[in-house]
Ligand SMILES: [Zn+2]
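In this note's numbering, the protein residues as written are -3 to 200.
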């Protein structure tokens, strides 16, 4: 039997993601430890996801499904695990993006847009303009990102003949890049810290 590699990768990612979550549980749930209020915890969680990942539509039925769990900490863990898993599995298709008005383009733009295994020397400008075009937001989850934290992918892979033209450049946050870039050898347990945002939200 041949296992679907995407399934294996995503499963590994989720496991990888949950390990640090378990380790940092005390820290993650410091808010709830203080108040013991599930209601506030859920409100915070929803606000956090809405603010940081507005394009990820979430199903919160896990709250109802875990209603028989008496231990509030276990219940909160189950809820957060479910939300993280939904973030991973969020269905996303790489689509052609908007272009940039012609007056903003430069004389060598066209010739350097063609598919080429070597990144063009004006790539930094292209990346920045694509980031501005997308109002600094991740195309997959909608998170607002700084230019320095911006990752990119291509609607059509360069290896498949995709070019460096703006219509082909997609802006991503680091977490979505990790989820999508399943060929990235950095996607190991040690490097995956996707739960960082959740840790921060309870601390902040
Ligand atoms: Zn994202």
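The beta-carbon is built from N, C-alpha and C at its ideal position, and this holds for glycine as well.
Distances between the C-beta of residue 171 and the heavy atoms of ligand 1 include at least one below 8 Å. In the three-state reduction of the DSSP assignment, residue 36 falls in the helix class, which pools H, G and I. Here the distance from the Cβ of residue 158 to the nearest heavy atom of ligand 1 is not below 8 Å. Under DSSP, residue 150 forms a beta bridge with 165. Residue pairing by DSSP places residue 140 opposite 133 in a beta bridge.
Apart from the 5 residues on each side of it in sequence, residue 134 sits with its Cβ closer than 7 Å to the Cβ of 141, 167, 168, 169, 172 in its chain, given in chain order. In this structure, ligand 1 has no non-hydrogen atom nearer than 8 Å to the beta-carbon of residue 95. The beta carbon of residue 49 sits closer than 7 Å to those of 83, 137, 138, 139, all from its chain and outside the five residues before and after it, given in chain order.
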